[in-house]
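A short worksheet on the structure shown next.
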Amino acid sequence: MKFSPGRTVQLSRLFLVLFIIQLLGGCHTLPITNLVQKDKKQTVTKAEILFLNGNFKDAQDEYEKLLATASTAQEYQIALYGLACSQLIQATNDTELLKAIGNLQKWDALKGGEAFVENYHMLILALKQQGELIRKKNTIQALHDKNKNILIRSQKKKISQMATIVKKLQNQIEELEKIDQTFQEKRKPL
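The numbering of the sequence shown is our numbering, which starts it at 9 and goes up by one.
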């Protein structure tokens, strides 16, 4: 079975989303309460609340600020995770998606064997959003493929009809040439 380039990209995105879900399948969240300093906790909470309320751009801005001002490795990891989730949920093209996935991979590498303390619901929301985008793109691609196939069938039918017309015209030309030849032979003086 051969896939079009668009279909291949969509399938690779789907497998990537499924891989991330598999990666997080065994992870459990821990409360953030004692993990960040008191003043940072409010910012983390604000960014997380923005994200969970659907204000993804504002959440991304907050996570970028947190990332720039993180004073501990754990704050940096939490901010990087939030930034990656914010980017992932807003990604509308492959470049944006790859950037978000790159940040998730960076976060995973930094986390190492430590417990998963970030809010996994954020990643689940982002993956659901990407799944919905993939479904919509697949629907659009299927419609595009269907329309293209209809056009191809129509053009093949027209080509077949034109070939039939050309054959008829060739037969008519041959008949006319025979008639003309017969007429020319009759006109010749003896």
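Cβ atoms here follow ideal geometry from the backbone N, Cα and C, with glycine treated the same way. Being a predicted model, the structure only gives us computed values, none of them experimental.
Proximity winner among Trp115, Phe59, Thr103 and Thr147, relative to Leu75 (alpha-carbon distances): Trp115
Alpha carbon to alpha carbon, how far is His152 from Gln68? Give it in angstroms, no decimals. 34 angstroms
In terms of residue numbering, what span does the alpha helix (DSSP H) encompassing Gly110 cover? Asp102 to Lys119
Contact belief for Leu135 with Arg21 at Cβ below 8 angstroms, rounded distance in angstroms: Actually they are not in contact, since the Cβ atoms of Leu135 and Arg21 sit about 11 angstroms apart, beyond 8 angstroms.
Rounded C-alpha distance that separates Ile142 from Lys165: 34 angstroms
Does the beta-carbon of Val174 have 16 or more other beta-carbons within 10 angstroms, so that it is buried, or is it exposed? exposed
Through-space distance from Cys93 to Met130, alpha-carbon basis: 6 angstroms
So, with DSSP's three-state summary, where would you put Lys196? coil
Simplified DSSP assignment, three categories, for Thr80: coil
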